Amino acid sequence: MSVLCWLVKILAWLTMFMQSCEVFYLTVDSVRDSCAVILMSSRSDAERKLCKNVLRLHRASFTKIRVCGLVYADAALELGIVGQLANYSVVLLQFALL
Numbered sequence: 000m001s002v003l004c005w006l007v008k009i010l011a012w013l014t015m016f017m018q019s020c021e022v023f024y025l026t027v028d029s030v031r032d033s034c035a036v037i038l039m040s041s042r043s044d045a046e047r048k049l050c051k052n053v054l055r056l057h058r059a060s061f062t063k064i065r066v067c068g069l070v071y072a073d074a075a076l077e078l079g080i081v082g083q084l085a086n087y088s089v090v091l092l093q094f095a096l097l
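Using numbering that gives the first Met the number 0, read the sequence shown as starting at 0 and increasing by one per residue.
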């Protein structure tokens, strides 16, 4: 029973973390899109320079968050973990019922 509670707790924390990461990624994409719109319109030179610098910095250094340098922290990670947990549970049930 305690293992089940532990798994539920870990999956809840993982869900909250992945949701925060997805909100962050969506915000970064929104900023990039806003800068692209500003560059297309007629704005002041300072605004255009700022947007060019933001886009340049995004291109040069933005990467998704990596967990322990192994996998990217995004919505696909949680789906993969739940899938592996389900597969492992099925295998354990097969061994228990044989």
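Built from N, CA and C at the ideal position, the CB exists for glycine as well. Quantities reported herein were computed from a predicted structural model and do not represent experimental measurements.
For residue i and residue j, I'd like the C-alpha separation in whole angstroms.
i: L25; j: H57; result: 13 Å
i: L84; j: L96; result: 18 Å
i: V81; j: S88; result: 10 Å
i: L38; j: A45; result: 11 Å
Please decide whether residue i counts as near chain C, where near means a Cβ-Cβ distance under 8 Å.
i: I64; result: Annotation note: the requested chain C is absent from the structure, which comprises a single protein chain.
State yes or no: is the C-beta of residue i within less than 8 Å of the C-beta of residue j?
i: V27; j: F61; result: yes
i: L13; j: E77; result: yes
By Cβ distance below 6 Å, which residues in the same chain neighbour residue i in space, the five residues on each side in sequence not counted?
i: C34; result: C50, V53 and L54
Q: Would you check if there are 3 or more beta carbon pairs closer than 8 Å linking the segment 2–21 to the segment 38–52?
A: The segment 2–21 makes no contact with the segment 38–52; the number of CB pairs closer than 8 Å stays below 3.
Q. Pairing CB atoms from the segment 16–31 with CB atoms from the segment 71–79, are three or more of them under 8 Å?
A. For the pair of segments examined, the segment 16–31 was found to touch the segment 71–79: the number of CB pairs separated by less than 8 Å reaches three.
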